[in-house]
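Q:
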Amino acid sequence: MGSDSASHGSVVLGVDSSTQSTKVLAVDVETGAVLASGQARHTVSTGAGRETDPEVWWSALQSALGQLGEWAGRAEAVSVGGQQHGLVVLDAEGRALRPALLWNDVRSAPQAAALVDKYGAGHWAQRFGSVPGASFTVSKWAWLAEHEPAAAAAARAVRLPHDFLTERLSGAAVTDRGDVSGTGWWRSDTERYDEGLLAEIGLAPELLPTVLGPGEQAGTVRDGLPLRAGALVAAGTGDNAAAALGLGLTPGRAALSLGTSGTVYAVSRQRPTDASGVVAGFAAADGGWLPLACTLNCTLAVDKVAALLGREREDVEAGGSVAFLPFLDGERTPNLPYASGLLTGLRHDTTAGQVLQGAYDGAVYALLGALDQVLAVDGGAPSDEPLLVIGGGSRGTAWLETVRRLSGRAVQVPEAGELVALGAAVQAAAALTGEAATSIAARWSTSAGRVHPALPLDDAALSRLAAAMPLASA
39 MGSDSASHGS
49 VVLGVDSSTQ
59 STKVLAVDVE
69 TGAVLASGQA
79 RHTVSTGAGR
89 ETDPEVWWSA
99 LQSALGQLGE
109 WAGRAEAVSV
119 GGQQHGLVVL
129 DAEGRALRPA
139 LLWNDVRSAP
149 QAAALVDKYG
159 AGHWAQRFGS
169 VPGASFTVSK
179 WAWLAEHEPA
189 AAAAARAVRL
199 PHDFLTERLS
209 GAAVTDRGDV
219 SGTGWWRSDT
229 ERYDEGLLAE
239 IGLAPELLPT
249 VLGPGEQAGT
259 VRDGLPLRAG
269 ALVAAGTGDN
279 AAAALGLGLT
289 PGRAALSLGT
299 SGTVYAVSRQ
309 RPTDASGVVA
319 GFAAADGGWL
329 PLACTLNCTL
339 AVDKVAALLG
349 REREDVEAGG
359 SVAFLPFLDG
369 ERTPNLPYAS
379 GLLTGLRHDT
389 TAGQVLQGAY
399 DGAVYALLGA
409 LDQVLAVDGG
419 APSDEPLLVI
429 GGGSRGTAWL
439 ETVRRLSGRA
449 VQVPEAGELV
459 ALGAAVQAAA
469 ALTGEAATSI
479 AARWSTSAGR
489 VHPALPLDDA
499 ALSRLAAAMP
509 LASA
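For the sequence shown, the numbering used here begins at 39 and goes up steadily by one.
This is the structure we're talking about:
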């Protein structure tokens, strides 16, 4: 690696501090070439809650940086993309008073429901862009205040996961609009903290970080770290906002992520205000908006069906008359929290492969319905460019074929991996150079990858699924 160092110009670092691990990429600012990478695992609690000591993130970041060799010392800027929504409460010295409550800790579901009931879903959507659920930080603070009032009273700083790491790097108590838009106490209509709400939930505004705008810098790297002291520290952002930067999304072009759950998002010109709660109205890190919708049942549900049938996940067969809604964990989009899997249309000649294909169809059908609602924020007209498909399922032939059959659209699978860390690197490069993040992503060709042409719409399958959906909600 060292022999090639003279051929590279400016270098930036992008960090992805996710639930399970921290990953760091060293990236050439001019070309987007990944020069080195590092990764370290996190420890997450099991049981009723999902918690991690923030010091685990900090140790993991230092370990991952140590794997970059000379590039850590050469980097001129760094940015942190972090898991959204988590609650970090600190004492006056910046030490955690208790483990961080993570986004997937659902103990705060009753508090979320109480907040929505108290103010009304329309109130939340109009002011904050989203209707809070258990994942939102405001719900977690309400849980903490109710169940651990001493910890809430002792808090001298309240941070999101990426804020915690940015502050450790730079000493600056800051966040950004992309991540703070998922707290439930930052108003998207005024782009300010809602001090009235903060007073009602017992959270002093001076405990919260300053919200930086697009392209603003948090500060510089402190002495004594495995980075060049004085290197710029960008604002950082949440993981979905970072991935959008990494993909270089522009209005109308959507990303569809096939993971354990399914996620669709796009950048929009209009501010989302969906009172149904389906579309979360997050802010984008580059100054626009990032409407996002999520389904609960995606690759994990289909893999479960394959296991039940005794087939490999790619062993699908075309044809048949089944309609399968694989809502094995209930469903979020459509909002059917108490639903279960629904299979209709079985006949004597139905094959196991057709049932498995039906599970794919049902999962993608729900996800494309969520995509329609995301694109409706800006009027519903999708970009003519291929639909970007990311996540683990994007490597599966059956998943890609199903998306093409049920959407009638071409799909593109980016070759770039680690899109959150890459997006954080885009943000670091923008802070360093003053260039627009979309311009940097375009120069780096971050979304480049194979394009799979559109297939004719499978109207028969779509009709069967549309007819089955009312049965799932009955």
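We put the CB at the ideal spot given by N, CA and C, even for glycine.
Kindly give me the distance between the Cβ atoms of alanine 454 and threonine 484, rounded to whole angstroms, as I take these residues to be in contact under 8 Å.
A: By 1-based counting over the sequence shown, the position of residue 454 is 416. By 1-based counting over the sequence shown, the position of residue 484 is 446. Between threonine 484 and alanine 454 the Cβ distance is about 5 Å, and since that is below 8 Å, they are a contact.
Q: So, helix, strand or coil for histidine 490, using DSSP?
A: Translated into positions along the sequence shown, residue 490 becomes position 452. In this structure, histidine 490 counts as strand in the three-state DSSP scheme.
Q: Which stretch, first to last residue, makes up the beta strand (DSSP E) that contains proline 310?
A: By 1-based counting over the sequence shown, the position of residue 310 is 272. Neither: proline 310 is in no beta strand (DSSP E) and is coded neither H nor E.
Q: Rounded to whole angstroms, what is the Cα-Cα separation between serine 75 and leucine 460?
A: Translated into the one-based positions of the sequence shown, residue 75 becomes position 37. Translated into the one-based positions of the sequence shown, residue 460 becomes position 422. Rounded to whole angstroms, serine 75 to leucine 460 spans 11 Å at the Cα level.
Q: Hey, could you find the ends of the beta strand (DSSP E) proline 452 is sitting in?
A: Your numbering for residue 452 matches position 414 in the sequence shown. That run of the beta strand (DSSP E) goes 449-452.
Q: Is DSSP giving aspartate 341 helix, strand or coil here?
A: Against the sequence shown, residue 341 aligns to sequence position 303. In this structure, aspartate 341 counts as helix in the three-state DSSP scheme.
Q: Between Phe365, Thr382, Leu384, which lies nearest to tyrosine 376 when the distance is taken from Cα to Cα?
A: Counting from 1 along the sequence shown, the entry for residue 376 is found at position 338. Selected option, being the one with the closest Cα: Phe365.
Q: Can leucine 245 and valine 196 be called in contact, C-beta distance under 7 Å?
A: Locating residue 245 in the sequence shown gives position 207, counting from the first residue. Locating residue 196 in the sequence shown gives position 158, counting from the first residue. Their beta carbons are under 7 Å apart, which means leucine 245 touches valine 196 by this criterion.
Q: Alpha carbon to alpha carbon, how far is glycine 297 from serine 306?
A: Here residue 297 refers to the residue found at position 259 when the sequence shown is read from its first residue. Here residue 306 refers to the residue found at position 268 when the sequence shown is read from its first residue. Rounded to whole angstroms, glycine 297 to serine 306 spans 23 Å at the Cα level.
Q: In this structure, what does DSSP give as the bridge partners for threonine 248?
A: Within the sequence shown, numbered from 1, the residue matching residue 248 stands at position 210. Answer is Val212.
Q: Express the C-alpha separation of serine 101 and serine 43 in angstroms, rounding to a whole number.
A: Here residue 43 is taken as the residue at index 5 of the sequence shown, counted from 1. Here residue 101 is taken as the residue at index 63 of the sequence shown, counted from 1. Interpretation of serine 43 is limited by its pLDDT of 48, a score under 50 that renders its predicted location unreliable; the figure taken from the coordinates is listed afterwards. Taking the straight line from one Cα to the other gives about 22 Å.
Q: If we ignore side chains and look at the alpha-carbon of each, how far apart do proline 491 and valine 65 end up?
A: Within the sequence shown, the letter at position 453 stands for residue 491. Within the sequence shown, the letter at position 27 stands for residue 65. Taking the straight line joining both Cα atoms gives about 31 Å.
Q: Please tell me whether proline 148 and aspartate 91 are closer than 7 Å, where the distance is taken between their beta carbons.
A: Residue 148 sits at position 110 when you count from the first residue of the sequence shown. Residue 91 sits at position 53 when you count from the first residue of the sequence shown. In this structure, aspartate 91 does not lie closer than 7 Å to proline 148 by Cβ.
Q: Short of 7 Å in beta carbon distance, which residues of its chain neighbour leucine 235, apart from the five on each side in sequence? Order them along the chain.
A: Along the sequence shown, read from residue 1 onward, the residue named residue 235 stands at position 197. Once the five neighbours on either side are set aside, the close Cβ partners of leucine 235 are Trp223.
Q: Among residues of its own chain, excluding the 5 on either side of serine 168, which ones have a beta-carbon nearer than 6 Å to its beta-carbon?
A: Indexing the sequence shown from 1 puts residue 168 at position 130. Excluding sequence positions up to five before and after serine 168, its CB lies within less than 6 Å of the CB of Ala318, Gly319, all in the same chain and listed in chain order.
Q: Where does tyrosine 157 sit, in a helix, a strand or coil, going by DSSP?
A: Translated into positions along the sequence shown, residue 157 becomes position 119. Three-state DSSP puts tyrosine 157 in a helix.
Q: Would you mind giving the Cβ-Cβ distance between glycine 119 and threonine 175, rounded to the nearest angstrom? I have them listed as a contact below 8 Å.
A: Here residue 119 is taken as the residue at index 81 of the sequence shown, counted from 1. Here residue 175 is taken as the residue at index 137 of the sequence shown, counted from 1. Actually they are not in contact, since the Cβ atoms of glycine 119 and threonine 175 sit about 17 Å apart, beyond 8 Å.
Q: Specify, as a first and last residue, the run of the alpha helix (DSSP H) that leucine 99 falls within.
A: The count along the sequence shown starts at 1 and reaches residue 99 at position 61. 92-104 is the span of the alpha helix (DSSP H), which, as asked, contains leucine 99.
Q: Let me know the secondary structure DSSP gives proline 372 once reduced to three states.
A: As a working note, residue 372 is residue 334 in the sequence shown. Here proline 372 sits in coil by DSSP.
Q: The beta strand (DSSP E) with alanine 506 in it runs from where to where?
A: The count along the sequence shown starts at 1 and reaches residue 506 at position 468. Run containing alanine 506: none in the beta strand (DSSP E); it sits in the alpha helix (DSSP H), 497-510.
Q: What separation, rounded to the nearest whole angstrom, lies between the Cα atoms of histidine 161 and serine 177?
A: The count along the sequence shown starts at 1 and reaches residue 161 at position 123. The count along the sequence shown starts at 1 and reaches residue 177 at position 139. Roughly 16 Å separates the two Cα atoms.
Q: Using a threshold of 7 Å, state whether the C-beta atoms of valine 402 and valine 441 are closer than that.
A: What you label residue 402 is simply residue 364 of the sequence shown in a count that begins at 1. What you label residue 441 is simply residue 403 of the sequence shown in a count that begins at 1. Yes. Within cutoff.
Q: Near glycine 111, which residues of its chain fall below 6 Å by C-beta distance, leaving aside the five closest residues on each side in sequence?
A: The sequence position of residue 111 within the sequence shown is 73, counting from 1. Here the set comprises Arg266.
Q: Can you give, in chain order, each stretch of the alpha helix (DSSP H) that sits fully within the stretch 180-228 and has at least 4 residues?
A: 187-192, 199-208, 215-218
Q: Kindly indicate the opening and closing residues of the alpha helix (DSSP H) around glutamine 465.
A: One-based indexing of the sequence shown puts residue 465 at position 427. It spans 457-471 - the alpha helix (DSSP H) in which glutamine 465 sits, taken as one unbroken run.
Q: I need the straight-line Cα distance from valine 127 to aspartate 201, nearest angstrom please.
A: Taking the first residue of the sequence shown as 1, we reach residue 127 at position 89. Taking the first residue of the sequence shown as 1, we reach residue 201 at position 163. Spanning the two alpha carbons is a distance of roughly 11 Å.
Q: Please return the same chain residues whose Cβ sits closer than 8 Å to the Cβ of methionine 39, not counting the five positions on each side in sequence.
A: Along the sequence shown, one-based indexing puts residue 39 at 1. Residue placement at methionine 39 is flagged as unreliable, the pLDDT there being 34, under the threshold of 50; the coordinate-derived value follows with that caveat. So the list reads Leu73, Ala74, Gly107, Glu108, Trp109, once near-sequence residues are dropped.
Q: Are glycine 407 and aspartate 353 closer than 7 Å when you measure CB to CB?
A: One-based indexing of the sequence shown puts residue 407 at position 369. One-based indexing of the sequence shown puts residue 353 at position 315. Not in contact: glycine 407 and aspartate 353 (Cβ atoms no closer than 7 Å).
Q: Which first and last residues belong to the beta strand (DSSP E) in which threonine 258 is found?
A: Taking the sequence shown and counting its residues from 1, one reaches residue 258 at position 220. Unbroken beta strand (DSSP E) run through threonine 258: 255-258.
Q: Count the other CB atoms within 10 Å of the CB of threonine 213; is the residue buried (16 or more) or exposed (fewer)?
A: Here residue 213 refers to the residue found at position 175 of the sequence shown. Classification for threonine 213: buried.
Q: Measuring alpha carbon to alpha carbon, tell me which of Ala282, Thr204, Trp437, Ala448 ends up nearest proline 420.
A: In the sequence shown, the residue the question calls residue 420 occupies position 382. Minimum Cα distance to proline 420 is reached at Ala448.
Q: Measuring CB to CB, does valine 316 end up less than 7 Å from glutamine 411?
A: Within the sequence shown, residue 316 is the residue found at index 278, counting from 1. Within the sequence shown, residue 411 is the residue found at index 373, counting from 1. It is a contact, given that the beta carbons lie within the stated cut-off.
Q: Closest to leucine 381 by CA distance: which of Gly216, Gly368, Gln77, Ala397 is it?
A: As a first step, residue 381 must be located in the sequence shown, where it is residue number 343. Nearest to leucine 381 by C-alpha distance, out of Gly216, Gly368, Gln77, Ala397, is Ala397.
Q: Would you mind listing the alpha helix (DSSP H) stretches within the stretch 384-446 that are 4+ residues and don't spill past its ends, in chain order?
A: 390-414, 435-445
Q: Using CA atoms only, rank isn't needed, just tell me which of Gln121, Glu89, Ala192, Glu131 is closest to aspartate 143.
A: By 1-based counting over the sequence shown, the position of residue 143 is 105. Ranking Gln121, Glu89, Ala192, Glu131 by Cα distance to aspartate 143 puts Glu89 first.
Q: In terms of alpha-carbon separation, which member of Pro372, Ala479, Asp496 lies closest to glutamate 439?
A: Position 401 of the sequence shown, counted from the first residue, corresponds to residue 439. Comparing Cα positions, the closest option is Asp496.
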